[in-house]
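Working notes, structure below.
Residue numbers (the numbering used here): 159 to 399.
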């Protein structure tokens, strides 16, 4: 099962993030290698999701540091020197990411040339608050659109329940709800909804994992009733023993 086409690399990063904290650590060691290399290639060659990759590399380096320091207390698969080399590789990738420069490939139309309603539509389709903040740094127009209270209200409503709003209500001096501040406050307390380009499904009838876009030749009378979505954490749980 291929985990690293562009539409799936966000899920792959989330999968490695979930696997990084597993105990015993053997699962983390077995599943991370190939996907790490592919994600690193997307980061340096395709400039895909540098912020996501930055968080992932931080998780990987922290986990490896803990495992290496605790060698002898846990089951570390392989020679300790190999894992030290892998840690050094990840630290080198972090430095490369720090020095990464995004260059404009052509001089044609840019995002800022789009009409306001299209820019607004793009912002409303983003499900990550940090993506909205980053996009708002592109131009003064996008910054103004990214500060829209209705945009942040909708984002809060998408990710969090109303009872959670009441526990973390933030008001301005004029008594208005500060939806942007509330989003980041709520994000620290509650998990956000996960959104991916493709859905990983498990067929209970055939005991098969497959991508929704690829389909699965199920022999059940009603195949759709046998399909269950699989989150990155649920995927990791399948390998627990």
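Ideal placement from N, C-alpha and C gives every residue a C-beta, glycine not left out.
(request) Tell me whether residue 314 is buried or exposed, calling it buried when 16 or more other Cβ atoms sit within 10 Å of its Cβ. (result) buried
(request) On the DSSP bridge assignment, give the partners of residue 318 in chain order. (result) In the DSSP output, where bridge partners are listed per residue, residue 318 has none listed.
(message) According to DSSP, is residue 180 part of a helix, a strand, or is it coil?
(response) For residue 180, the predicted model reports a pLDDT of 45, less than 50, meaning its position is unreliable; a value from the coordinates is still stated below. Residue 180 falls in the coil class under three-state DSSP.
(request) Can you check DSSP and say which residues form a bridge with residue 329? (result) 335
(message) In whole angstroms, give me the CA-to-CA distance for residue 319 and residue 212.
(response) 29 angstroms
(request) Can you check DSSP and say which residues form a bridge with residue 288? (result) None; residue 288 has no bridge partner.
(request) Could you check the C-alpha separation between residue 219 and residue 344 for me, to the nearest Å? (result) 27 angstroms
(request) Using three-state DSSP, classify residue 392 as helix, strand or coil. (result) helix
(message) Does residue 276 pass the burial test, meaning 16 or more other C-beta atoms within 10 Å, or should it be called exposed?
(response) exposed
(message) Our contact map puts residue 248 next to residue 222 with C-beta atoms below 8 angstroms; I'd like the distance itself, whole angstroms only.
(response) 7 angstroms
(message) Taking 8 angstroms as the cut-off, does the stretch 356 to 365 touch the stretch 322 to 329 (at least 3 CB pairs, one atom from each stretch)?
(response) no
(message) Tell me which residue opens and which closes the beta strand (DSSP E) that residue 377 is part of.
(response) Neither: residue 377 is in no beta strand (DSSP E) and is coded neither H nor E.
(request) Taking residue 305 as the reference, give the member of 316, 393, 216, 282 with the closest Cα. (result) 282
(message) With distance defined between alpha-carbon atoms, name the residue in 342, 311, 316 nearest to residue 335.
(response) 311
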